[in-house]
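Asker:
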Amino acid sequence: MILLPCLIPLLPLAAFAVNLFFGKRLRARAAWVSVATSSISCLIAFYCIATVVRTGTMKAQWVWIMLENTPLRFGYLIDPLACVLLFVVTVVGTLIQVYSAGYMHDDPRFTRFFAYVSLFMSAMLTLVIASNYVLFFMAWEVMGLCSYFLIGFWFEKPSAADAGRKAFLVTRVGDVGFLAGLMTLFAVTRNLDFESLGASAQAGGPLLAVAALLIFCGTIGKSAQFPLHVWLPDAMEGPTPVSALIHAATMVAAGVYLVARSFPLFEIFPDVLTVVAITGTLTAFMAAFIALTATDIKKVLAYSTISQLGFMVAALGLKGYGAGTFHLMTHAFFKALLFLGAGSVIHGTGTQDLREMGGLFGKMRHTALTFLAGSLAIAGVPPLSGFWSKDEILAAAYQSGHGIIYYVLLLTAFMTAFYMFRLVFMAFFGKPRSPGIHAHESPAVMTVPLWILAAGAVLIGLPGSPLMGNWLGRFLAGPHTHGEHALNLVVMFSSILAGLGGILLAWLFYVRAPQLPGIVARRASLLYRMSLNKLWFDEIYHVLIVRPFCFLADLLYGFDQKAIDGIVNETGLATVRTSRLKAWIDTYLVDGTVNLVGALVQLSSALVRRIQTGFVQHYLLMILAGILVLIFLEFRP
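In this note's numbering, the protein residues as written are 14 to 650.
Here is the structure:
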């Protein structure tokens, strides 16, 4: 039984191998290989969760290698925090794979898709149960690879290929900081195990604050926090089930899980937690502001995801360990539901543009009702799940004494309700805006997972609510809880008013008086352009980072001459004779280096050939000469 938890990630890994090597034979059955292994992993995870609830933490470790006198162990650690993630990843992941069997049915790379998804599931589950940072980081990197594969899954589209590269490179920036943080942590404490992290961190020095900040860089990259948030909206180029699985419910939440798992280290340094809280709050507000004007249904949900991840990060920075973890769980259900609902809309209409939709409620009743449930949950309408978890975060901000953070998050909650119901009213209500769209409902293999997730969006918040005595909070209770379960009526009523106010304003703008958005856009043109242009982050990065590196690369490595001239002219630099410089670099630096290496190899081989003649007498002569040299060195006066 001690090896049973190891099967949780190993079964999806087996599905990856089967679909990769035998996919052409399996064809449509490849989906059910992935679904079956994921379902069995889900059942094993439920058994492990029940065991932890009854008897406490499950753990096992085995020595992998020795680093000097320090053993580096691999194993699993299933504690209450890991149980929450196991529940989320296995349940939501399995439902999304069932949905994908219908959504991706006609794709020519159907089996490859499920191979990638199974590999991702294996990596994510390994990360969840990993007992130390090394195994955690290995799984973290495999997840990044899977994200690259799946974002660029339709690589024949230039936009998808570019989005995959962008996601891979931007997240690598955060991962480099994460790796540096792990190296710093190990250098100071000689320990990378999660279970003993608190004790070893207490004995460390101020350098551990640097380690904590560097580890947080991994969260900034993977969970798309400011300023590395720019990759997630472009990641919507991948298939919609990928957006639901990786970029809404699981992988992006891994960054939040990293902070929660490292909380014994973070809570030692209040200044580091302040940085975490400010980063999360700024990200939540910024992404919600951009979502106000987005017209692509998946881009609205992408910025919503960034904003909600900001809520979780802010909660952890405010010492709301239970609140952040609670919102991670509820968000996984309602955001997966919303993304799959968006996929159903795209499948039924053939468009992602909200300006071409309208009147879909009567034609796609199952999709509309479930999407409405998810929207009410994320808007924080009681008693749905999002209300309870978001209320916990607002309570943590209110009780922490950070008044500015509380009011910014409250305003962000208002904007969340507004932009989500802007989407609902534009897509499902009113009259169809494009006569060429003939909407139809999705098949049962897609709508059944929607209804199951809708039930989760409604009910999954109850275990953490006062209605059930904050059972989830008590389950997670430990040294990292800071009174976030106290019921605060001021916070509760302000949260309800923010949600209902956002919904009412969206109804006024997009149902009752649809001319108002145009009037507001003209009156507040600067704010409108800032939101519409996503605060020009991509343009700023293009000027400061992309363009200089492209120019330098083309200049040094001599790509197409026209491209070089185009960059020179575009950047306004003085015209130079790049062809002459390129020829000099190619001749003397590139070719010269290669030729020098070849010449050195030839010279060394010529010397060795004179020594290795194959004649025994030559070898005896060299031995005798060596003995004489040693005698001379030993007995010299």
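Where is the CB? At the ideal position from N, CA and C, for every residue including glycine. Just so it is clear, the structure is predicted and the values come from calculations on it, not from any experiment.
What's the C-alpha gap between L548 and I303?
Answerer: If you number the sequence shown from 1, residue 548 lands on position 535. If you number the sequence shown from 1, residue 303 lands on position 290. Taking the straight line from one Cα to the other gives about 8 Å.
Asker: Please classify D366: is it buried, with 16 or more other beta-carbons within 10 angstroms of its beta-carbon, or exposed?
Answerer: Locating residue 366 in the sequence shown gives position 353, counting from the first residue. Exposed, because fewer than 16 other Cβ atoms sit within 10 Å of the Cβ of D366.
Asker: Tell me the DSSP bridge mates of D120?
Answerer: Position 107 of the sequence shown, counted from the first residue, corresponds to residue 120. Beta-bridge pairing links D120 to no other residue.
Asker: Pairs of beta-carbons, one from the stretch 269-277 and one from the stretch 204-213, closer than 8 Å: are there three or more?
Answerer: Yes, the stretch 269-277 touches the stretch 204-213.
Asker: Rank A430, G330, S47 and L331 by C-alpha distance to the C-alpha of A128 and give the top, closest one.
Answerer: Along the sequence shown, read from residue 1 onward, the residue named residue 128 stands at position 115. Checked all of A430, G330, S47 and L331; the closest Cα to A128 is S47.
Asker: Could you check the C-alpha separation between G218 and N145 for me, to the nearest Å?
Answerer: As a first step, residue 218 is located in the sequence shown; it is residue number 205 there, counting from the start. As a first step, residue 145 is located in the sequence shown; it is residue number 132 there, counting from the start. If I take the Cα positions, the gap works out to 21 Å.
Asker: Label N4 either buried or exposed according to how many other C-beta atoms from any shown protein chain fall within 10 Å of its C-beta, with 16 as the threshold for buried.
Answerer: Here the chain has residues from 14 to 650 only, and residue 4 is not among them.
Asker: Answer with buried or exposed for P171, where buried requires no fewer than 16 other C-beta atoms within 10 angstroms of its C-beta.
Answerer: Numbered from 1 along the sequence shown, position 158 holds the residue referred to as residue 171. By the neighbour-count rule (16 or more Cβ atoms within 10 Å), P171 is not buried but exposed.
Asker: Could you tell me which residues DSSP pairs with F87 in its beta bridges?
Answerer: Translated into positions along the sequence shown, residue 87 becomes position 74. DSSP output for F87 lists W75 as bridge partner(s).
Asker: What three-state label does DSSP hand N145 in the structure shown?
Answerer: In the sequence shown, the residue the question calls residue 145 occupies position 132. Three-state result, N145: strand.
Asker: Can you look up D309 in the DSSP assignment and give me helix, strand or coil?
Answerer: In the sequence shown, counting from the first residue as 1, residue 309 sits at position 296. Residue state, collapsed to three classes: strand.
Asker: Buried or exposed: where does L634 fall if 16 or more other Cβ atoms within 10 Å of its Cβ makes it buried?
Answerer: By 1-based counting over the sequence shown, the position of residue 634 is 621. Answer is exposed; the Cβ neighbour count stays below 16.
Asker: By alpha-carbon positions, which one of F442, V201 and F126 ends up nearest to R525?
Answerer: Locating residue 525 in the sequence shown gives position 512, counting from the first residue. For R525, the nearest C-alpha among the options comes from F442.
Asker: Quick check on DSSP: helix, strand or coil for D366?
Answerer: Numbered from 1 along the sequence shown, position 353 holds the residue referred to as residue 366. In this structure, D366 counts as strand in the three-state DSSP scheme.
Asker: So A468 and V105 are in contact, right, with Cβ under 8 Å, and what is the actual spacing, rounded?
Answerer: If you number the sequence shown from 1, residue 468 lands on position 455. If you number the sequence shown from 1, residue 105 lands on position 92. Actually they are not in contact, since the Cβ atoms of A468 and V105 sit about 13 Å apart, beyond 8 Å.
Asker: Note the first and the last residue of the continuous alpha helix (DSSP H) segment covering R725.
Answerer: Nothing about residue 725 can be read from this structure; the chain reaches only from 14 to 650.
Asker: If you pair each beta-carbon of the stretch 510-520 with each one of the stretch 423-438, do three or more pairs fall below 8 Å?
Answerer: Verdict: yes, contact present.
Asker: Within this structure, are the beta carbons of L397 and A345 separated by less than 9 Å?
Answerer: Start at 1 with the first residue of the sequence shown, and residue 397 comes out as number 384. Start at 1 with the first residue of the sequence shown, and residue 345 comes out as number 332. Result no, Cβ atoms of L397 and A345 do not sit closer than 9 Å.
Asker: What's the gap between the Cα of A511 and the Cα of E405?
Answerer: Position 498 of the sequence shown holds residue 511. Position 392 of the sequence shown holds residue 405. Looking at the two C-alpha atoms, the distance is approximately 15 Å.
Asker: Mapping DSSP to helix, strand and coil, what is A576?
Answerer: Here the question's residue 576 lines up with position 563 in the sequence shown. Because A576 sits at a pLDDT of 48, beneath the cut-off of 50, its placement in the model cannot be relied upon, and the point is left open.
Asker: Contact between the stretch 220-227 and the stretch 278-287: three or more CB pairs below 8 Å?
Answerer: Counting Cβ pairs under 8 Å, three or more are found: they touch.
Asker: For the putative contact between A440 and M370, defined by C-beta atoms under 8 Å, what is the C-beta separation to the nearest angstrom?
Answerer: Taking the first residue of the sequence shown as position 1, residue 440 is located at position 427. Taking the first residue of the sequence shown as position 1, residue 370 is located at position 357. Yes, they are in contact, since the Cβ atoms of A440 and M370 sit about 4 Å apart, within 8 Å.
Asker: According to the neighbour-count rule (16 or more other Cβ atoms, all chains shown, within 10 Å of its Cβ), is S617 buried or exposed?
Answerer: By one-based count along the sequence shown, residue 617 stands at place 604. S617 comes out exposed.
Asker: For D92, list the residues DSSP reports as bridge partners.
Answerer: The residue given as residue 92 occupies position 79 in the sequence shown. Looking at the DSSP assignment, D92 forms no beta bridge with any residue, so it has no partner.
Asker: With distances taken between CB atoms, is the gap from M249 to K179 smaller than 9 Å?
Answerer: Counting from one through the sequence shown, the residue named residue 249 turns up at place 236. Counting from one through the sequence shown, the residue named residue 179 turns up at place 166. Contact flag unset, no.
Asker: Quick one: residues in its chain with C-beta nearer than 7 Å to the C-beta of P445, no 5 flanking neighbours on either side, listed in chain order?
Answerer: Residue mapping note: residue 445 aligns to position 432 of the sequence shown, counting from 1. Counting only Cβ-Cβ distances below 7 Å, and skipping sequence neighbours, we find G371 and G372.
Asker: Got a sec: does the ligand ZN put a non-hydrogen atom nearer than 8 Å to the Cβ of G469?
Answerer: Although the ligand ZN was asked about, the structure shown includes no ligands whatsoever.
Asker: Tell me which same chain residues have a C-beta within less than 6 Å of the C-beta of V183, skipping the five on either side of it?
Answerer: Along the sequence shown, read from residue 1 onward, the residue named residue 183 stands at position 170. So the list reads L241 and W244, once near-sequence residues are dropped.
Asker: Helix, strand or coil, according to DSSP, for L314 in the structure here?
Answerer: If you number the sequence shown from 1, residue 314 lands on position 301. Looking at L314 - three-state DSSP - the assignment turns out to be helix.
Asker: What are the start and end residues of each continuous alpha helix (DSSP H) run of 4 or more residues lying completely inside the stretch 603-640, in chain order?
Answerer: Counting only runs of 4 or more, we get 604-624.
Asker: Whose C-alpha, out of G333, L489 and A301, is nearest the C-alpha of L98?
Answerer: For this step, residue 98 is matched to residue 85 along the sequence shown. The shortest Cα separation from L98 among G333, L489 and A301 belongs to L489.
Asker: Sort I78, T139, D247 and N82 by Cα distance to Y161 and report the nearest one.
Answerer: Locating residue 161 in the sequence shown gives position 148, counting from the first residue. For the residues I78, T139, D247 and N82, the minimum Cα distance to Y161 belongs to D247.
Asker: By DSSP, does L26 sit in helix, in strand, or in coil?
Answerer: Position 13 of the sequence shown, counting from 1, holds the residue named residue 26. Note: L26 maps to helix in three-state DSSP.
Asker: Nearest by alpha-carbon distance to L466: which of T380, K376, M79 and L331 is it?
Answerer: As a working mapping, residue 466 is identified with position 453 in the sequence shown. The option with the nearest alpha carbon to L466 is T380.
Asker: Find the nearest neighbour of A355 within the set S256, L33, L195 and A336, judged by alpha-carbon distance.
Answerer: What you label residue 355 is simply residue 342 of the sequence shown in a count that begins at 1. The shortest Cα separation from A355 among S256, L33, L195 and A336 belongs to S256.
Asker: In terms of alpha-carbon separation, which member of F166, G293 and D119 lies closest to F239?
Answerer: Stepping through the sequence shown from its first residue, residue 239 is reached at position 226. Nearest C-alpha to F239: G293.
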